[in-house]
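Enquirer: Take a look at the following structure, please.
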Ligand code: ADP
Ligand code: MG
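Shown next as structure tokens:
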């Protein structure tokens, strides 16, 4: 059955060689009770550990059923320990966190038995050792004798052929010792029991063979078994041992359950990094979503405009690349520098090009003309000019496009505070701020005092008239003109076109402004004015003069424009259907510019895109920095997990020894600790994500309160990010626990069992 052939074992410590076994040869019968005696240090435990496959021999051979173990691999020894050997130790070696039943089941768990089978068999052996009533108890609730019975039950559970007991009664009183010895003798009827004891009396009373050791040498054998070739090679094979991850998880969970406080602290600490990263990601995501939504809103109705002004792109580029001296000038003179080589002027843009565009892309197209308007008003204060139109154009006037879509856009974006939406070219709009404020200069030009508030009614009752150039200007001789006196007489001239402020509007919350606050005129009115003035005396005179007919200065082309209106457009405004069609419209317009000289290109108003790109770049940059900062705490928690796992390894060294004695592989030990880090990592990840999620409620509540945007979800954790963070937490703790877990697996089982 079991054969030791010339076994040698030395321990080398610090250069000193200690002989533990020397030339030991023993044959064991399949069925006998062998007592191994000898003084302390004579090599008894070493012998037992070698027989049990816990320790290795230096020379000689151990034959199992006639088969040499010289070529055994780790795997073979694990299987041998698990299936063929049951250990009973002096100090019981039970796992304190597991119940009596679970301790007994553990060895069977390693052999891969199913849970029903395990329980049945465990209860059977526990009944056999007389512990049926105590199966639910923890080892610490038992007496020494009872604990040793549990150990015996565990040794018997897998029904091994060999039971190895090392001083099983060493820690028990005489009465209990006798009970345990009786139990072992009963077991020895069916198995090979090898028991180490230094109690010669017990050995002789119970065992049927006593072997005596001294200084590692076999001194006497009361009943040697000499039939050396009793066994033929019997094709001895061992079943596989394996610990499934669930058993590992259970072992770790039980261990951790005894250290709840530490576990809680660990999970808390390692979740901080996850919380940080999760909050940063959720803010970044929420902000991104918010700005995308805003952009969409903004872009949808953001008009694409083409201006009559052209930009000399080459010149601008040249200007920008021009070397700007990086020093302060010490010269006592000023260098004239043309600020912008920008050619302003009319270009030959065929507005039909715009009209040929795909009709599905836009809501409507409108165009306005740069036309000066001579507007005068009459109030209680008297008659006066509405704005100064003698300067460049009449730029205070913003134009809207009066058609169905233009009107509906106005209704969509603006609240009507007073009056009616405009219905004809003579209807002006007055736009005020959120607080109903209006610039004093506008109010003054409308003839109001600015020392007290003005009622909507008064504003709507303003009298405004449009005066033709010929009534507005008078010739002063030698081709010059001057403004006539703006008075009651001018105002009451018959045939003047009357304008009115039809309504007062205010931008709705969250909508994009199309106009500045102030007066807005209908673009149709510009056509009317153009027709009215194109043949006026001042326009005719200005067209043939190189000087300004009003102030005598060198003429600017825009002067004529402001007086008469250019034949082309001032601005073409296209309102896209949505953000997508907006891009298509821009591409379509850019196609016009392609291949044209830069001075012939139209300027396409497209700054919404720049805004978007800049925002995203800034946001991504900020997110990256914040994630990096939060990640520092992840690194810290990884190191911490390493330390905690290492401490846990130190605390559980004995458990490691027990598991190895029961046949656990190195891999299984690694698994136990990996299971522990898995539990910590998963808990920390889930906890961290949960906390970050809960944080998003107050964050959003505060953000909504501060911003007054009802649907603002500034903190929004994506499910994908949450899953990613939990996985990250598990991977990081795994990484932290990896080395300690490997160290644990490499522990020598004999030394592990000896540790306290
Ligand atoms: P016993 O069990 O009979 O008391 P052991 O088998 O434990 O004796 O020890 C036999 C000899 O080997 C002793 O001298 C002991 O000091 C030595 N020994 C046992 N284990 C080790 C070890 N791991 N390292 C060094 N020496 C050891
Ligand atoms: Mg010993």
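Residue numbers (this note's numbering): 310 to 1065. Glycine included, each C-beta is placed from N, C-alpha and C at the ideal position. The structure displayed is predicted, hence computed values, not measured ones.
1. Compute every distance between the C-beta of residue 346 and the non-hydrogen atoms of the ligand ADP, then say whether any falls below 7 Å.
2. For the ligand ADP, is there any heavy atom lying closer than 7 Å to the beta carbon of residue 1080?
3. Taking the C-alpha atoms as reference points, what is the distance between residue 589 and residue 929?
4. What is the DSSP secondary structure of residue 567, counted as helix, strand or coil?
5. With 16 as the cutoff for other CB atoms within 10 Å, does residue 933 come out buried or exposed?
6. Would you say the segment 370-384 touches the segment 452-466, given that touching needs at least three Cβ pairs under 8 Å?
7. Just to confirm, are residue 826 and residue 773 a CB contact at a threshold of 8 Å?
8. I want to know whether the segment 344-355 touches the segment 315-333 - three or more CB-CB distances under 8 Å.
9. So, with DSSP's three-state summary, where would you put residue 1058?
10. Could you tell me the distance, in whole angstroms, from the CA atom of residue 904 to the CA atom of residue 669?
11. If we ignore side chains and look at the alpha-carbon of each, how far apart do residue 509 and residue 519 end up?
12. Please work out which residues of its chain come closer than 6 Å, Cβ to Cβ, to residue 778, disregarding the five sequence neighbours upstream and downstream, and give them in chain order.
13. Confirm, please, whether the CB-CB distance from residue 943 to residue 813 is below 8 Å.
14. Start and end of the alpha helix (DSSP H) containing residue 488?
15. Compare the Cα-Cα distances from residue 689 to each of 753, 397 and 672 and report the closest residue.
16. Do you know whose CA, among 448, 724 and 422, lies nearest residue 270's CA?
17. Please list, following the chain, all residues that have a C-beta closer than 7 Å to any non-hydrogen atom of the ligand MG.
18. Alpha carbon to alpha carbon, what distance is there between residue 736 and residue 828?
19. Considering Cα atoms alone, identify which of 370, 343 and 311 is closest to residue 318.
20. Put residue 444 into one of helix, strand or coil per three-state DSSP.
21. Give me the Cβ distance between residue 1058 and residue 969, rounded to the nearest whole Å; I'm assuming they're in contact under 8 Å.
22. Between which two residues does the alpha helix (DSSP H) harbouring residue 514 extend?
23. The ligand ADP and residue 365: does the residue's C-beta get closer than 7 Å to at least one heavy atom of that ligand?
24. Throw me the rounded Cβ distance for the residue 406 and residue 594 pair, which I believe falls under 8 Å.
25. Could you check if residue 533 is buried or exposed, using at least 16 other CB atoms within 10 Å of its CB as the buried criterion?
26. For residue 599 versus residue 1023, is the C-beta distance shorter than 8 Å?
27. Any heavy atom of the ligand ADP closer than 7 Å to the Cβ of residue 529?
28. How far does the beta strand (DSSP E) with residue 523 in it reach, from first residue to last?
29. Once the 5 residues before and after residue 1000 are set aside, which same chain residues still bring their CB inside 6 Å of it?
30. What do you reckon, is the C-beta of residue 442 under 7 Å from a heavy atom of the ligand ADP?
31. Which residues in the same chain as residue 939 place their Cβ atom closer than 7 Å to its Cβ, once the five residues preceding and following it in sequence are excluded?
32. State the beta-bridge partners of residue 336 as determined by DSSP.
33. Residue range of the beta strand (DSSP E) that residue 880 falls in?
34. Residues in the same chain with beta-carbon distance under 8 Å from residue 966, minus the five sequence neighbours each way, listed in chain order, please.
35. Tell me which residues share the same chain as residue 511 and place their Cβ nearer than 8 Å to its Cβ, disregarding the 5 neighbours each side in the sequence.
36. Whole alpha helix (DSSP H) runs in the segment 398-450 with 4 or more residues, listed along the chain?
Expert: Inspection of the coordinates gives the following:
1. To locate residue 346, count along the chain shown from 1; it is residue 37. Outside the cutoff, so no.
2. Residue 1080 lies beyond the residue range present for the chain, which begins at 310 and ends at 1065; the question has no answer from this structure.
3. The count along the chain shown starts at 1 and reaches residue 589 at position 280. The count along the chain shown starts at 1 and reaches residue 929 at position 620. About 11 Å.
4. Translated into positions along the chain shown, residue 567 becomes position 258. It is coil, neither helix nor strand.
5. As a working mapping, residue 933 is identified with position 624 in the chain shown. Exposed, since its Cβ has fewer than 16 Cβ neighbours within 10 Å.
6. no
7. Locating residue 826 in the chain shown gives position 517, counting from the first residue. Locating residue 773 in the chain shown gives position 464, counting from the first residue. Against a cut-off of 8 Å, the Cβ pair of residue 773 and residue 826 comes out as no contact.
8. yes
9. As a working note, residue 1058 is residue 749 in the chain shown. Helix.
10. For the purposes of this step, residue 904 is taken as the residue at position 595 of the chain shown. For the purposes of this step, residue 669 is taken as the residue at position 360 of the chain shown. Whole-angstrom Cα-Cα distance: 27 Å.
11. Your numbering for residue 509 matches position 200 in the chain shown. Your numbering for residue 519 matches position 210 in the chain shown. C-alpha separation (whole angstroms): 9 Å.
12. Locating residue 778 in the chain shown gives position 469, counting from the first residue. Excluding residues within five positions, the ones whose Cβ falls inside 6 Å are 842, 845 and 847.
13. The residue labelled residue 813 in the question sits at position 504 within the chain shown. The residue labelled residue 943 in the question sits at position 634 within the chain shown. No, the Cβ-Cβ distance between residue 813 and residue 943 is not below 8 Å.
14. As a first step, residue 488 must be located in the chain shown, where it is residue number 179. That run of the alpha helix (DSSP H) goes 483-497.
15. The residue given as residue 689 occupies position 380 in the chain shown. Considering only alpha carbons, the answer is 753.
16. Lying outside 310 to 1065, the shown extent of the chain, residue 270 is not represented and no answer is given.
17. 349, 353, 354, 475, 476 and 505
18. The residue labelled residue 828 in the question sits at position 519 within the chain shown. The residue labelled residue 736 in the question sits at position 427 within the chain shown. So the alpha carbons of these two residues sit roughly 11 Å apart.
19. The residue you call residue 318 lines up with position 9 of the chain shown. If we check each option's Cα against that of residue 318, 370 comes out closest.
20. On the chain shown, position 135 is the one that residue 444 refers to. Three-state DSSP puts residue 444 in coil, outside helix and strand.
21. Here residue 1058 is taken as the residue at index 749 of the chain shown, counted from 1. Here residue 969 is taken as the residue at index 660 of the chain shown, counted from 1. About 4 Å separates the beta carbons of residue 1058 and residue 969, which is inside the 8 Å limit, making them a contact pair.
22. In the chain shown, counting from the first residue as 1, residue 514 sits at position 205. Here the alpha helix (DSSP H) through residue 514 covers 509-515.
23. In the chain shown, counting from the first residue as 1, residue 365 sits at position 56. False, no ligand heavy atom lies under 7 Å from that Cβ.
24. Here the question's residue 406 lines up with position 97 in the chain shown. Here the question's residue 594 lines up with position 285 in the chain shown. Their Cβ separation, rounded to whole angstroms, is 42 Å, which puts residue 406 and residue 594 out of contact at 8 Å.
25. Locating residue 533 in the chain shown gives position 224, counting from the first residue. It counts as exposed.
26. The sequence position of residue 599 within the chain shown is 290, counting from 1. The sequence position of residue 1023 within the chain shown is 714, counting from 1. Yes, they are a contact pair.
27. Reading the chain shown from its first residue, position 220 is the one you call residue 529. It does not: the Cβ of residue 529 is nowhere closer than 7 Å to a heavy atom of the ligand ADP.
28. By 1-based counting over the chain shown, the position of residue 523 is 214. 518-523 is the extent of the beta strand (DSSP E) around residue 523.
29. Residue mapping note: residue 1000 aligns to position 691 of the chain shown, counting from 1. Counting only Cβ-Cβ distances below 6 Å, and skipping sequence neighbours, we find 584.
30. Along the chain shown, one-based indexing puts residue 442 at 133. The answer is no for residue 442.
31. If you number the chain shown from 1, residue 939 lands on position 630. Closer than 7 Å at Cβ, skipping near neighbours: 582, 585, 586 and 589.
32. Reading the chain shown from its first residue, position 27 is the one you call residue 336. Per DSSP, 312.
33. Here the question's residue 880 lines up with position 571 in the chain shown. Element bounds for residue 880: 880-885.
34. Indexing the chain shown from 1 puts residue 966 at position 657. Taking residue 966 as the centre and dropping the five residues before and after it, the same chain places the C-beta of 402, 1056, 1058, 1059, 1060, 1061, 1062, 1063 and 1064 closer than 8 Å to its C-beta, in chain order.
35. Here residue 511 refers to the residue found at position 202 when the chain shown is read from its first residue. So the list reads 344, 478, 486 and 490, once near-sequence residues are dropped.
36. 409-419 and 424-437
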